[in-house]
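Student: Mind the numbering: the sequence shown is residues 0 to 363 in numbering that gives the first Met the number 0, read in order.
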Amino acid sequence: MKITDIRFGMLRVPLKTPFKTALRSVDQVEDIVVMVNTDSGHVGYGEAPATAVITGDTHGSIIEAIRHYISPRLIGHEVADLNHLTHLVQGAMEKNSSAKAAVEIAIYDLWGQLYNAPLYRLLGGGDPVITTDITISVDYIDKMVADSMAAVERGFESLKIKVGKDIGVDIERVKAIYAAVEGRALLRLDANQGWTAKQAVYALQTLEDAGVRLELVEQPVKAHDLDGMKYITERVHTPVMADESVFGPMEVIELIRMRAADIVNIKLMKTGGLSNAIRIADIAAIYGVDCMIGCMLEGSISVAAAVHLAVAKSHAITKIDLDGPSLCAFNPVDGGVLFNDSEISVTDAPGLGIREIRGLELVG
Ligand code: MG
């Protein structure tokens, strides 16, 4: 099975409700789909969203990076040489982690198809059912409480609450949601870089003193501010998780070495795909640091790859935040991973098991 060419499509899916964080507001998933063709007729699928404010990747940059830098290195190579292929992808250029992720996801899909096994089995196996949280967008307090109650009614037992707008209102938001769902759902706070280190310590200590128990707080300060992350980690009981502060394995090693956070959020769009995500899970496991696996606003192609990884690395990846498909108004992809609100399960289909993508617009 040799790679012959790479083609592109655009997948647009409206969200059930606008996705609002301290950094942005979005009302549809709009992702580049990558199709890696082979001489055997097998097609591998990958996907990447534009996340300019986080990774720097845009739709245009993703296509250009793949078309002119990544694709030319891969044509003619055997899918069986997986490690060589991922090395070629990662070495094609600096940064551009989402472009690299889309291509790696498609290559791993093909690798599973080559050996006729679902990807998670080739990555080491595991229990093919996982449970995800769901994001509650930042909004007026009453709206966030209503959204949280509705999510609990849908069966979600972990809620990821977006905060980071105004520290005083943020504290009230969390108290109100905690009171409304107490005992029925765990709360994860994601401040999306919206606080200073001192504000974060103040907010978390205030919540802790008020008896609000949080499972974790995610990325309270700016991505580059590892000293700020460390400052908070040293001063609060609530576990601190790094998201935008860490992209690849080198940054995770530095974070662990500094003791700047308690948990690492792995996202394929930050790591540049599965090869580095696997390395991070293994590094974290060595140090006894838990990982979450998360996603950007992604559909069920790239999220499927994250699901396979989470199943295979469940000893290290203990927290699942793969709600991209649940936030969409419908799922245009028929694939080997089944998304049913909080429950995500994987079938025996080879690779990622993608059979059909409805509404895919080909990009010339
Ligand atoms: Mg986050």
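No residue lacks a Cβ here, since even glycine has one placed at the ideal position from N, Cα and C. None of these values were measured; they are calculated from a predicted model.
Can you determine whether any heavy atom of the ligand MG sits closer than 7 Å to the C-beta of ASP261, and answer yes or no?
Tutor: Outside the cutoff, so no.
Student: Given the structure, does ASP126 come close to the ligand MG, in the sense that its CB is under 7 Å from one of the ligand's heavy atoms?
Tutor: Outside the cutoff, so no.
Student: Tell me whether LYS312 sits in a helix, a strand or coil according to DSSP, three-state version.
Tutor: In this structure, LYS312 counts as coil in the three-state DSSP scheme.
Student: Report yes or no: do three or more beta-carbon pairs, one from the segment 329 to 338 and one from the segment 348 to 363, lie closer than 8 Å?
Tutor: Yes, the segment 329 to 338 touches the segment 348 to 363.
Student: In whole angstroms, what is the alpha-carbon distance linking GLY8 and GLN198?
Tutor: Between GLY8 and GLN198, the C-alpha separation is close to 43 Å.
Student: Taking the alpha helix (DSSP H) that LYS19 falls in, what are its first and last residues?
Tutor: Unbroken run through LYS19 is the beta strand (DSSP E), 2 to 19; no alpha helix (DSSP H).
Student: For CYS290, write down the residues that DSSP places opposite it in a beta bridge.
Tutor: Answer by DSSP bridge pairing, in chain order: VAL263, ILE316.
Student: According to DSSP, simplified to helix, strand and coil, what is GLY350?
Tutor: Three-state result, GLY350: strand.
Student: Let's test the definition: count the other Cβ atoms within 10 Å of the Cβ of PHE338 and tell me whether it reaches 16, buried, or not, exposed.
Tutor: Classification of PHE338: buried, given that the 10 Å Cβ count is 16 or more.
Student: VAL128: buried (16+ other C-beta within 10 angstroms of its C-beta) or exposed?
Tutor: It counts as exposed.
Student: Report all residues from its chain with a CB closer than 8 Å to the CB of ILE135; omit the five preceding and five following residues, and keep chain order.
Tutor: Excluding sequence neighbours, ILE135 sits near MET143, ASP146, SER147, ALA150, LEU158, LYS159, ILE160, LYS161, ILE176.
Student: Answer with buried or exposed for TYR230, where buried requires no fewer than 16 other C-beta atoms within 10 angstroms of its C-beta.
Tutor: Buried, since its Cβ has 16 or more Cβ neighbours within 10 Å.
Student: Can you have a look at GLY346 and say buried or exposed, based on whether 16 or more other CB atoms are within 10 angstroms of its CB?
Tutor: According to the sequence as given, residue 346 is Thr; it is not Gly. With fewer than 16 other Cβ atoms within 10 Å, it is exposed.
Student: When burial is assigned at 16 or more other CB atoms within 10 Å of the CB, is GLU217 buried or exposed?
Tutor: GLU217 is buried by the Cβ-count criterion.
Student: Using CA atoms only, rank isn't needed, just tell me which of LEU113, ILE140, VAL239, VAL306 is closest to GLY293.
Tutor: Here the closest residue by C-alpha is VAL306.
Student: Pull up the distance between the alpha-carbon of ASN330 and that of SER301, whole angstroms please.
Tutor: If you take the alpha carbons of ASN330 and SER301, they lie about 13 Å apart.
Student: Since THR130 and ILE319 are thought to touch, with beta carbons under 8 Å apart, how far apart are those beta carbons, to the nearest angstrom?
Tutor: Rounded, the Cβ-Cβ distance is 6 Å, consistent with contact.
Student: Does the separation of the CB atoms of ALA116 and VAL33 fall below 8 Å?
Tutor: No, they are not a contact pair.
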